[in-house]
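Here my numbering = 1-based position in the sequence shown + 5.
Backbone N, C-alpha and C fix where the C-beta goes; we use that ideal spot for every residue, glycine too.
All of these numbers come straight from a predicted model, not from anything done at the bench.
Working notes, structure below.
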Amino acid sequence: MTVVRPFAEQLLRSWGVKMAKTSELRAYTEVEFAGSDGEGKDRPDGLLYLSARKKKWAAVVEAKVGNEKIPEEQVQRYGKSVRGRVNAVVTISNQLAPLPSHVPYSVPKRLRNGVDFYHTSWASVLTEARLLLKDGDAKREMDPEQEYILEELALYMEHPSSGVQRFEQMNADWRTMVLGLRSGKQFPSSSIEVENTVGGWHQEVRDLCLILSLCIGERVKVRLPRKHQADPELRLRSDGDRLAGSWELRCALLVPNAASDIEIVVDLKSRTVSCAMKLFAPGHRKRASAKINWLLRQLGSVTRTEEVSVRVFWPGRAAPTQESLAAIRDSPRCLEHGREGLVPTSFEVLMIPRVLGKRFAGRRTFVEDLERLVERFYEEVGQNLRAWTPPPPPIDKSESRVGRPDEDQVRG
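Structure follows, in structure tokens:
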């Protein structure tokens, strides 16, 4: 971080710190707390110190690799020891968090007064390195030595012996829940199975963002309501209530410049997974067929037409209609059945693969199939969809001066 400035800027920005041009970043390892309640046994892995003309910022860093998790008690001791001396405690491990402020361990509110806590996964660090190496503007800021160092870091982290892991399987309770639902078993929102499954889902959602980010070379984020951004515990409870009530897991991925969010729904009871994007129908088209054809032209690269469906929303109380893309290509008017005289207000394009069967209940196979589906949906559908924008207003010819003689010519 002290050598490759663009890399440091990205990581610091994720921890709420802006690195000014005049800032200097220093890094230290194996630091000790002086006079920390006489214990002297805590030794964080590192210390980051950022200094500028008028502002200084410091953070202690604790890192784990492999399957090791961040010890809650250790982090809390750090929080007590550094209060008033540093600004933040930063932890890094293979545990994934939707936002750096959503740490995967409990921190009492009293410790958060005066000390910020952030968590970053090794997969996130690797993704940032790879994105910078793909970014032409960022590469222009780096000299050959800095680019070489960042490339070597990425290669090291990608090697199996580095201890860097992605989220590869759901929690141990996943199979129990899927099979239990099929046999009619109920899981209340307060059950450990629901809590662990929601926690596993949140990690998988973050991993989907990282995977898609690497695929497109842009940073993909999870769309969270403000109340969930501010309170990760509320997000856990809300998603737990949904899972216990409707047996669904949901998320929305925000892709830069995409027509809309990618909405993902996992239905544990029917064992289905769907990806979808919504579009407003073009306002300047007056007929239903013209609006439907406008959408069909954007779906020309879809190959598995039986797995892709289009849902049409109509004005008033008219219920939506839905057909497979294969059926629509054969007969575009099939979506208008019973809706003659109406024009669509919006569309939803869905990709729902055939029932996953036994693979859905597998901790690892579920993750594999989901990640493959999201990539395929974006490649065949998402990157090709364009949101409708109103055309620019035309010239009112009755008011236009084009073609009229100049006043001087008339007087002459």
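Going by other Cβ atoms of all chains shown within 10 Å of its Cβ, with 16 needed for buried, is residue i buried or exposed?
i	result
N72	exposed
V386	buried
K296	buried
N400	One point to set straight first is that residue 400 is Ile, not Asn, in the sequence displayed. Label assigned to I400: exposed.
T132	buried
L239	exposed
G43	In this prediction, G43 scores a pLDDT of 46, lower than 50, which makes its location untrustworthy; no coordinate-derived value is stated.
S28	buried
E209	buried
V203	buried
K402	exposed
A264	buried
G1	Summary: the structure shown does not reach residue 1, with the chain confined to residues 6 through 417, and so no result is reported for it.
K321	Per the sequence presented here, residue 321 reads as Gly, with Lys not at that position. G321 should be labelled exposed.
L16	buried
Y383	buried
V70	exposed
H164	exposed
T96	buried
G189	exposed
P396	exposed
E312	buried
P398	exposed
I'd like to know whether the C-beta atoms of residue i and residue j end up nearer to each other than 8 Å.
i	j	result
I267	R255	no
L213	V22	no
S129	N99	no
H5	P237	Only positions 6 to 417 of the chain appear in this structure, which leaves residue 5 out of reach.
V354	L301	no
R211	P337	no
E51	A63	Note that residue 51 is Gly in the sequence shown, not Glu. Their beta carbons are not under 8 Å apart, which means G51 does not touch A63 by this criterion.
E77	Y110	yes
C280	M162	no
Q327	R316	yes
R344	T310	no
P105	W20	yes
R48	E35	yes
So, for residue i: in the same chain, excluding its five sequence neighbours on each side, which residues have a beta-carbon less than 8 Å away from its beta-carbon?
i	result
V120	G84, V87, R88, V91, N92, A93 and V94
P193	V199 and A249
A366	W179, R180, V183, L184 and R276
L155	V9, F12, A134, L137, L138 and M147
A257	V227, R228, D266, I267, E268 and I269
G222	L136, K139 and D140
W393	L284, F285, A286, P287, G288 and W299
CB-CB under 6 Å to residue i, same chain, minus the five flanking residues each way: which ones, in chain order?
i	result
L217	V225
R10	none
V112	F122
S167	Y161
Quick one: residues in its chain with C-beta nearer than 7 Å to the C-beta of residue i, no 5 flanking neighbours on either side, listed in chain order?
i	result
E341	A293
A25	A57
W434	The requested residue 434 is not part of the displayed model; the chain covers only 6 to 417.
R171	A128 and D212
Under 8 Å by Cβ, that's how I've got residue i and residue j pegged, so tell me the actual separation to the nearest angstrom.
i	j	result
C339	A332	6 Å
L53	V66	6 Å
S329	S351	The pair is not a contact, with the Cβ atoms about 19 Å apart (cut-off 8 Å).
L347	W319	5 Å
Q81	L116	6 Å
For the 8 Å Cβ check, are there 3 or more pairs between the segment 362-378 and the segment 275-284? Short answer: they touch.
Report yes or no: do the segment 142-150 and the segment 161-175 share at least 3 C-beta pairs separated by less than 8 Å? Contact fails: fewer than three Cβ-Cβ distances are below 8 Å.
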